[in-house]
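Student:
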Amino acid sequence: MSKKKFLLEEEQLPKYYYNIAADLPVELPPALHPGTMQPIGPNDLEPLFPTELIFQEVSKERNIEIPVKVREVYRIYRPSPLIRATGLEKILDTPAKIYYKYEGNSPTGSHKPNTAIPQAYYNALNGVKKITTETGAGQWGSALSYAASIFGIDVTVFMVAVSYMQKPYRKAMIETFGGKVYASPSHHTNAGRSILSVTPDSPGSLGIAISEAVEIAASNNDTKYALGSVLNHVLLHQTIIGNEAIQQFEMTGDYPDIVIGCAGGGSNFAGFCFPFIGEKLRGGKNIRAIAVEPSACPSLTQGEYKYDFGDTAKTTPLIKMHTLGNEFIPPSIHAGGLRYHGMAPLVSHLKELDLIEAKAVTQNECFKAGIMFAKSEGIIPAPEANHAVKAAIDEALLCKKSGEKKIIAFNLCGHGYFDMASYSSFLNNELIDFAQNENEIQNMRA
Ligand SMILES: *Cc1c(COP(=O)(O)O)cnc(C)c1O
7 MSKKKFLLEE EQLPKYYYNI AADLPVELPP ALHPGTMQPI GPNDLEPLFP TELIFQEVSK
67 ERNIEIPVKV REVYRIYRPS PLIRATGLEK ILDTPAKIYY KYEGNSPTGS HKPNTAIPQA
127 YYNALNGVKK ITTETGAGQW GSALSYAASI FGIDVTVFMV AVSYMQKPYR KAMIETFGGK
187 VYASPSHHTN AGRSILSVTP DSPGSLGIAI SEAVEIAASN NDTKYALGSV LNHVLLHQTI
247 IGNEAIQQFE MTGDYPDIVI GCAGGGSNFA GFCFPFIGEK LRGGKNIRAI AVEPSACPSL
307 TQGEYKYDFG DTAKTTPLIK MHTLGNEFIP PSIHAGGLRY HGMAPLVSHL KELDLIEAKA
367 VTQNECFKAG IMFAKSEGII PAPEANHAVK AAIDEALLCK KSGEKKIIAF NLCGHGYFDM
427 ASYSSFLNNE LIDFAQNENE IQNMRA
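Sequential numbering from 7 applies to the sequence shown in my numbering.
#1: Drop a sphere of 10 angstroms on the beta-carbon of L433, count the other beta-carbons inside from all chains shown, and report buried for 16 or more, exposed for fewer.
#2: Consider the C-beta atom of L344 and the heavy atoms of ligand 1; say whether any pair is separated by less than 7 Å.
#3: Counting along the chain, where does the alpha helix (DSSP H) carrying P462 start and finish?
#4: Run through DSSP, which three-state label would T57 get?
#5: May I ask whether a heavy atom of ligand 1 can be found less than 7 Å away from the beta carbon of C279?
#6: Determine the burial state of T368: buried for a count of at least 16 other Cβ atoms within 10 Å of its Cβ, exposed for fewer.
#7: Say yes only if the C-beta of F275 is nearer than 7 Å to one or more non-hydrogen atoms of ligand 1, and no if none qualify.
#8: In three-state DSSP terms, what is H193?
#9: Rounding to the nearest angstrom, what Cα-Cα distance links G420 and S190 in this structure?
#10: When DSSP labels each residue in this structure, what does D260 get in the three-state scheme?
#11: Looking only at its chain, what residues have a beta carbon closer than 6 Å to the beta carbon of G110, apart from the 5 residues adjacent to it on each side?
#12: Are the stretch 66–83 and the stretch 116–128 in contact at 8 Å, needing three or more beta carbon pairs?
#13: Under the assumption that P262 contacts I413 (Cβ atoms under 8 Å), give the Cβ distance between them as a whole number of angstroms.
#14: If you draw a straight line from the C-alpha of L437 to the C-alpha of D400, how long is it?
#15: Taking 8 Å as the limit between beta carbons, can you name the residues of its chain near I179, skipping five residues before and five after?
#16: How about E52 and I60: do their beta carbons lie closer than 8 Å?
#17: Report back the beta-carbon spacing between F373 and A394 to the nearest angstrom; my notes put them in contact at under 8 Å.
#18: Just grab the DSSP bridge partners of P45 for me.
#19: Specify whether the stretch 376–384 and the stretch 305–314 touch according to this definition: at least 3 beta carbon pairs, one from each stretch, less than 8 Å apart.
#20: Between the alpha carbons of K66 and A251, how many angstroms are there, rounded?
#21: Closer than 7 Å to a non-hydrogen atom of ligand 1 - does that hold for the CB of Q125?
#22: Please tell me whether, using a cut-off of 7 Å, the distance from the CB of G271 to the nearest non-hydrogen atom of ligand 1 is below it.
#23: If you drop the 5 nearest sequence neighbours on each side, which residues of the same chain put their C-beta closer than 7 Å to that of P85?
#24: Would you list, in sequence order, the uninterrupted beta strand (DSSP E) runs of no fewer than 3 residues that lie entirely inside the stretch 191–274?
#25: When you compare only the Cα positions, how much space is there between H347 and G184?
#26: Would you mind sorting S305 into buried or exposed? The rule is 16 or more other CB atoms within 10 Å of its CB.
#27: I'd like to check one pair, L241 with A397: are the Cβ atoms closer than 8 Å?
#28: Taking T42 as the reference, give the member of E363, L324, N392, A388 with the closest Cα.
#29: Give every residue of the same chain whose Cβ lies closer than 6 Å to the Cβ of Y231, excluding the five residues on either side of it in the sequence, and list them in chain order.
#30: Report yes if the C-beta of Q253 is less than 7 Å from at least one heavy atom of ligand 1; otherwise report no.
#31: Tell me, to the nearest whole angstrom, how far the beta carbon of D260 is from that of K103; I am working on the premise that it is less than 8 Å.
#32: Since V353 and G272 are thought to touch, with beta carbons under 8 Å apart, how far apart are those beta carbons, to the nearest angstrom?
#33: In the DSSP output, what is F315 paired with across the bridge?
#34: My output table needs one value for T368: the three-state DSSP class, helix, strand or coil.
#35: Contact check, V166 vs G142 under 8 Å by CB: the rounded distance?
#36: Identify the continuous alpha helix (DSSP H) that holds K406 and give its terminal residues.
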């Protein structure tokens with residue numbers, strides 16, 4: 007079977023990130039200061055982030071240059087391949103063409119280094135010596151730990167307790183790159199201690215871990231904070247994925263009808279899809295973009311679109327997003343990277359403008375799709391990535407029914423080689439499907 011990979015030459019590596027704020031038909035609602043309820047300004051963010059990232063957070067410039075030093079590090083693993091999934095097409099017996107962009111070749115196995123590297127770089131440029139952060143499944147913690155080690159910065163990671171136990175090798179990976187890891191909630195912060203006093207065996211959540219990391223950064227002058235998803239500048243850095251994909255599609259002679267990404271905080275979905283949506287907004291092809299989330303944590307499909315805090319202790323600015331409520335603690339599903347109560351404001355905004363679609367799927371159907379992909383394509387996807395695989399398969403099967411030869415492209419945002427325990431659970435029929443029911447979500451909000 008011939009496997010088609012589309013790779014760019016080194017000199018064709020994108021020189022710019024794509025900022026969708028430049029092309030939005032309606033401006034993004036601003037983040038608000040929780041005290042004054044006024045839009046936050048650069049001064050409010052300065053204790054937490056370096057100047058350049060604050061600038062990028064609010065920029066309306068369409069193309070933002072990627073610094074030369076960042077491009078040098080990207081060259082270790084970029085461009086990532088765009089691959090025609092001929093094996094998957096064959097077992098599905100679909101007339102559709104399926105392509106995937108593979109981000110699992112990065113140093114830590116996911117798309118996360120795409121933003122960890124520039125974030126560490128801009129912090130180093132500002133003379134920052136320490137960074138705190140949170141991590142769900144451990145993907146972000148390991149990516150930041152790797153990137154910070156390149157630029158000589160110390161990292162402390164608050165890792166969601168359930169993942170700390172489920173994914174010991176992710177913890178070891180963070181430590182290998184020199185990062186320090188605490189299970190969250192922890193005894194190291196007020197936020198952590200107050201949760202533990204009520205719920206000593208709390209499985210933790212990204213919302214809690216963010217509170218802990220922000221608390222340390224806000225109370226120490228030499229320490230800044232970094233977030234691995236949700237914020238505009240994070241989504242911006244991830245657009246290198248879609249920018250590359252657009253160039254690679256030129257080599258294939260195809261252009262997607264449907265682009266798909268899984269969505270936790272929204273960064274890999276945005277990174278892959280926004281450049282295509284941008285072309286559509288500027289008069290290009292009318293593609294569909296689908297964000298796929300777990301039915302156990304369905305912020306885009308069932309959350310309310312409103313101003314909410316990004317964290318559980320209510321310390322962050324208020325951001326307008328689809329949210330299940332900042333106190334929502336999702337069930338302990340294996341796609342740990344998708345257990346966030348909210349969604350990136352930009353992704354939420356596009357959903358409100360009907361520029362993207364959203365869909366929720368259960369973990370068993372995702373693992374089933376992931377195993378079909380592994381057998382036919384030879385890569386075992388991360389449990390998070392399986393959400394995108396599942397949606398791509400669904401679309402390809404619809405094409406089989408209708409006979410349409412659509413071109414379906416999805417982002418395979420990471421490999422699952424540190425997640426084999428979850429594959430074992432699935433293969434042993436031990437995975438439980440959680441679906442949030444509308445009433446329970448209403449009660450949580452009350
Ligand atoms: C972190 C992570 C996600 C979820 O985060 P997004 O910001 O929604 O991309 C998804 N997949 C993988 C492999 C991750 O590491």
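Every residue, glycine too, gets a C-beta built ideally from N, C-alpha and C.
Values in this document were obtained by computation on a predicted structure and should not be read as measured data.
Tutor: Judging by the given coordinates:
#1: exposed
#2: Placement of the Cβ of L344 at a distance of less than 7 Å from at least one heavy atom of ligand 1 is found.
#3: No answer is possible for residue 462: the residues shown for the chain start at 7 and end at 452.
#4: Here T57 sits in helix by DSSP.
#5: No, the Cβ of C279 stays beyond 7 Å of every heavy atom of ligand 1.
#6: buried
#7: yes
#8: coil
#9: About 24 Å.
#10: coil
#11: Excluding sequence neighbours, G110 sits near G420, H421.
#12: yes
#13: 5 Å
#14: 21 Å
#15: Per the sequence presented here, residue 179 reads as Met, with Ile not at that position. Take M179, set aside five residues on each side of it, and the residues of its chain with a beta-carbon closer than 8 Å to its own are T114, G144, S148, S151, F424, in chain order.
#16: yes
#17: Actually they are not in contact, since the Cβ atoms of F373 and A394 sit about 13 Å apart, beyond 8 Å.
#18: L38
#19: no
#20: 23 Å
#21: Ligand 1 has no heavy atom closer than 7 Å to the beta-carbon of Q125.
#22: Checking the Cβ of G271 against ligand 1 gives yes.
#23: L13, L14, L19, E250
#24: 229–231, 264–268
#25: 29 Å
#26: buried
#27: Not a contact, by the Cβ cut-off of 8 Å.
#28: Nearest of E363, L324, N392, A388 to T42, Cα basis: L324.
#29: Contacts found: L54, T138, A219, V220, A223.
#30: no
#31: About 6 Å separates the two Cβ atoms, so the contact holds.
#32: 4 Å
#33: According to DSSP, F315 shares a beta bridge with L324.
#34: coil
#35: The pair is a contact, with the Cβ atoms about 5 Å apart (cut-off 8 Å).
#36: Membership of K406 in the alpha helix (DSSP H) is indicated by the continuous run 391–408.
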